[in-house]
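A short write-up of the structure that comes next.
2 protein chains.
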Amino acid sequence: MTILIADDEERDRSWIKELLEKNLPEQAPFHEVADGQQAVETVLKIKPKLVFLDIKMPALSGIKAAEQILQSIPNTGIIILSNFSDEVYVRQLWKVVPADGVFGYVLKSASNEQVIEAAKAVLGGDCWIHPGISRVIQRTQNRATSLTPAEFEALACIALGLTDSAIARRLYLTEKAVQSRLKSLYSKMAIQGRSEQGDTEHNQRCRAVYMAYKRGLINQSELDEWESRFLENKAGSES
Amino acid sequence: MTILIADDEERDRSWIKELLEKNLPEQAPFHEVADGQQAVETVLKIKPKLVFLDIKMPALSGIKAAEQILQSIPNTGIIILSNFSDEVYVRQLWKVVPADGVFGYVLKSASNEQVIEAAKAVLGGDCWIHPGISRVIQRTQNRATSLTPAEFEALACIALGLTDSAIARRLYLTEKAVQSRLKSLYSKMAIQGRSEQGDTEHNQRCRAVYMAYKRGLINQSELDEWESRFLENKAGSES
DNA sequence: GTGTTTTCTGGGAAAAACCCTAGAGCAGAC
DNA sequence: GTCTGCTCTAGGGTTTTTCCCAGAAAACAC
Chain A
50 MTILIADDEE RDRSWIKELL EKNLPEQAPF HEVADGQQAV ETVLKIKPKL VFLDIKMPAL
110 SGIKAAEQIL QSIPNTGIII LSNFSDEVYV RQLWKVVPAD GVFGYVLKSA SNEQVIEAAK
170 AVLGGDCWIH PGISRVIQRT QNRATSLTPA EFEALACIAL GLTDSAIARR LYLTEKAVQS
230 RLKSLYSKMA IQGRSEQGDT EHNQRCRAVY MAYKRGLINQ SELDEWESRF LENKAGSES
Chain R
50 MTILIADDEE RDRSWIKELL EKNLPEQAPF HEVADGQQAV ETVLKIKPKL VFLDIKMPAL
110 SGIKAAEQIL QSIPNTGIII LSNFSDEVYV RQLWKVVPAD GVFGYVLKSA SNEQVIEAAK
170 AVLGGDCWIH PGISRVIQRT QNRATSLTPA EFEALACIAL GLTDSAIARR LYLTEKAVQS
230 RLKSLYSKMA IQGRSEQGDT EHNQRCRAVY MAYKRGLINQ SELDEWESRF LENKAGSES
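Each protein sequence line maps, in turn, to chains A and R. The numbering used here applies: residue 50 is where the first sequence begins, and numbers increase by one. The numbering used here applies: residue 50 is where the second sequence begins, and numbers increase by one.
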């Protein structure tokens, strides 16, 4: 009957810990770790009933840590702590968490009451989703606006600043296939092209990137990962 | 002999306040406000020796609040609190702070010691710049890499997803002028074009946006401001 | 004043991005 | 089995962006 807090920032760890000590003293003791790798190891050792996981952590992200934890001990309660309501994380989380899984998603801008509420909910077997991201959740489940893996891949590539032909080389596609992906991407993101009547205000490519940032479909750290993935592939194939 | 803390997040305010109470009790009392407008008003009333200003605040940003404060009471010590090492804020701050001004720039990932160190430095008449952004500061002062206002304006426009012609309309320029701005922007950001030998990997337009996000030259909230500025102009001219 | 930087101008050519239509393979759902 | 949705393919078009050249007006510092 313990709780684990995994966050790389001391400030946030003590924030959560103090809240738990004041409001849920019966759940003590509270353990703390500073990265995802340690989180997984500690969970296997102490088997806590509830784990707070920050998303942005060194060594292993909160999402990946959650995946490993749920594979080993499926009935562990997970509460994701995130700075932003980024759609990309919701997408990833949805794949990792079983359909009937118990979890919470709390933004760091949450009030103290909300954190406690979420903790109680998950301990009691319910889900708790931060109000600010219910809209996002809806979008990830709406057929008309949610992106397929191929479209998402294309989005990441243009956000990195690659040309069509460079994308084609990297993903082993023809240039036409890339353009086909982009076309459906643009239409799903409701970006009007030059053919449509009205103002041809937008460069679709850049506009799609802008909207994607705005919706939290992509962000800096995710793009960095994509880029390093490409660099590895390149180094491997050229040697 | 008081200190003012302006931050919209309760958690961060109490973080700073507790630090000050423990380490600089002789500077008490410590006042708190939750937005930039209140910060300016309170400064005029209580004339604190030191003000902590969060950048992202409702009503008035920390930068703009600093500007107003320094105009009224120039010898007020300012410590900027920021979540990120965004170059755009450093650029703005540099314009606002007098050359011999006393100020600090602290990232929110700073350790407790660093915050105290910064507070003591500014109270003692020195500047304190977070180690993580000294690189950024250098860049903003290097001729070869720092952007001119015109280039910056163009950058913001392409980041919003506008076409060349749309930019020309909005800024009352010819399309050629816009392209000229973009050309110098690309070269300053060291983005190789298609003419250069080697692989033509990159779509310069999108690549520039990516690098700009990465360097913190632009970010979501700044772009939102640019966009709303355009919307106002448009509404005004069309009526 | 001079010199430097910044910005805008022009034309013409090449490359990349976008538009349209249409079909075919392949998975998974029912 | 059929149906649907996703993906890749193909050809041939248009528009936008980028590239090259060079010169001139404007702003600023010294």
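Where a beta carbon is used, it is the ideal one built from N, C-alpha and C, also for glycine.
- In this structure the region 251-259 of chain R lies against the region 247-261 of chain A, because at least three pairs of beta carbons, one per stretch, are closer than 8 Å.
- PHE79(A) carries a strand assignment under DSSP once its states are collapsed to helix, strand and coil.
- Residue burial annotation: TYR138(R) is buried, with at least 16 other C-beta atoms found within 10 angstroms of its C-beta.
- ILE95(A) and LYS237(A) have their C-alpha atoms roughly 45 Å apart.
- Separation of GLN141(A) and PRO198(A) (C-alpha to C-alpha, rounded to the nearest whole angstrom) is 11 Å.
- ALA168(A) and THR212(R) have their C-alpha atoms some 48 Å from each other.
- At a cut-off of 7 Å, the C-beta of HIS251(R) has a neighbouring C-beta in chain A.
- Taking 9 Å as the Cβ-Cβ cut-off, the region 195-215 of chain R approaches chain A at ILE207, ALA208, LEU209, GLY210, LEU211, THR212, ASP213, SER214, ALA215, given in chain order.
- When Cβ pairs closer than 8 Å are counted between the two stretches, the region 77-94 of chain R is seen to touch the region 108-122 of chain R, the count reaching three or more.
- Remark: C-beta atoms of GLY265(A) and ASP135(A) approach each other more closely than 7 Å.
- Here TRP177(A) is bridged, per DSSP, to GLY153(A).
- Distance from the CA of GLU166(R) to the CA of LEU73(R), rounded to the nearest whole angstrom, comes to 11 Å.
- By the rule that beta-carbons nearer than 7 Å mark a contact, TRP275(A) does not touch chain R.
- Assignment of ASP103(A) by DSSP, reduced to helix, strand and coil, places it in the strand class.
- The C-beta distance from ILE128(R) to VAL171(R) rounds to 6 Å, short enough to meet the 8 Å contact threshold.
- Closest in C-alpha terms to GLU281(R), from the list SER270(R), TYR235(R), ARG219(R), ILE182(R), comes ARG219(R).
- The alpha carbon of TYR235(R) has as its nearest neighbour, out of ALA88(A), ILE216(A), GLY210(A), GLU70(A), the alpha carbon of GLY210(A).
- When C-alpha distances from ASN161(R) are compared across GLU90(R), ASP103(R), TRP143(R), ILE65(R), the shortest belongs to ILE65(R).
- Exposed is the label assigned to LYS71(R), since fewer than 16 other Cβ atoms lie within 10 Å of its Cβ.
- Nearest neighbour of LYS105(A) by Cα position, chosen from HIS179(A), SER214(A), LYS157(A), GLN120(A), turns out to be LYS157(A).
- Inter-residue distance for ALA203(R) and ASP175(R) is about 36 Å (C-alpha atoms, whole angstroms).
- For the C-beta of ARG254(R), the chain A residues within less than 9 Å are, from N- to C-terminus, GLY210, ASN252, ARG254, CYS255.
- For chain A, the residues of the region 156-176 of chain R that bring a beta carbon within less than 9 Å of one of its beta carbons are LYS157, SER158, SER160, ASN161, in chain order.
- The C-beta of TRP143(R) has fewer than 16 other C-beta atoms within 10 Å across all chains shown, which makes the residue exposed.
- One thing to note: ALA205(R) has its Cβ within 7 Å of the Cβ of TRP275(R).
- Apart from sequence neighbours up to five positions away, the residues of its chain that approach VAL227(A) with a beta-carbon distance below 7 Å are ALA203, ASP213, ILE216, ALA217, ordered along the chain.
- Contact annotation for GLN228(A) against chain R: no contact, minimum CB-CB distance about 13 Å [criterion: below 9 Å].
- Within 9 Å of the CB of VAL100(A), no CB atom of chain R is found; the nearest one sits about 21 Å away.
- For ARG60(A), the nearest beta carbon of chain R is closer than 7 Å to its own beta carbon.
- Against chain R, the CB of TYR138(A) has no partner CB under 7 Å away; the residue lies outside that interface.
- With fewer than 16 other beta carbons inside 10 angstroms of its own, ILE122(R) counts as exposed.
- Under the Cβ distance rule, TYR259(A) counts among the residues neighbouring chain R, one pair being separated by less than 7 Å.
- Classified as exposed, THR223(R) has fewer than 16 neighbouring CB atoms from the shown chains inside 10 Å of its CB.
- For the C-beta of TYR262(A), the chain R residues within less than 7 Å are, from N- to C-terminus, GLN269.
- Membership of ALA88(R) in the alpha helix (DSSP H) is indicated by the continuous run 85-95.
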